[in-house]
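The opening position of the sequence shown corresponds to residue 394 in the working numbering, with each subsequent residue numbered one higher.
In what follows, a single structure is set out as structure tokens and then discussed.
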Amino acid sequence: MGINKQSDIEANLQIGPTSLGMVRLYIEGGGVEIPLDFDPDEADEIAEEIRAAAAGARAMAKKGKR
394 MGINKQSDIE
404 ANLQIGPTSL
414 GMVRLYIEGG
424 GVEIPLDFDP
434 DEADEIAEEI
444 RAAAAGARAM
454 AKKGKR
């Protein structure tokens, strides 16, 4: 599956700090549980990528309304 392909799969996402000082993204869906741990600097980089993707999505949506 590519980044631009839609899916009917539902999943839950939880984000929070761990007791070991890591940031955990916990994804659960379809009987699968995936804990992803990142150090705080990596988590900041991921947050920046999410913000950039959100800005890109807004620009594409705005462009489509013209």
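Virtual Cβ for every residue (Gly too), placed ideally from N, Cα, C.
Predicted model only: the values in this text are computed from it and were never measured.
Hey, could you find the ends of the alpha helix (DSSP H) residue i is sitting in?
{"i": "ILE396", "result": "Here ILE396 belongs to no alpha helix (DSSP H), and DSSP marks it neither H nor E."}
{"i": "MET453", "result": "433-457"}
If you compare alpha carbons, which of the options is closest to residue i?
{"i": "ASP401", "options": "GLY423, LEU413 and GLN407", "result": "GLY423"}
{"i": "GLN407", "options": "ASP437, LEU429, ILE396 and ALA447", "result": "LEU429"}
{"i": "ASP432", "options": "ILE443, LEU413, VAL425 and ALA450", "result": "LEU413"}
Could you tell me which residues DSSP puts in a beta bridge with residue i?
{"i": "GLU421", "result": "ASN405 and GLU426"}
Report back the beta-carbon spacing between residue i and residue j to the nearest angstrom; my notes put them in contact at under 8 Å.
{"i": "ASN397", "j": "GLU421", "result": "Between GLU421 and ASN397 the Cβ distance is about 24 Å, and since that is not below 8 Å, they are no contact."}
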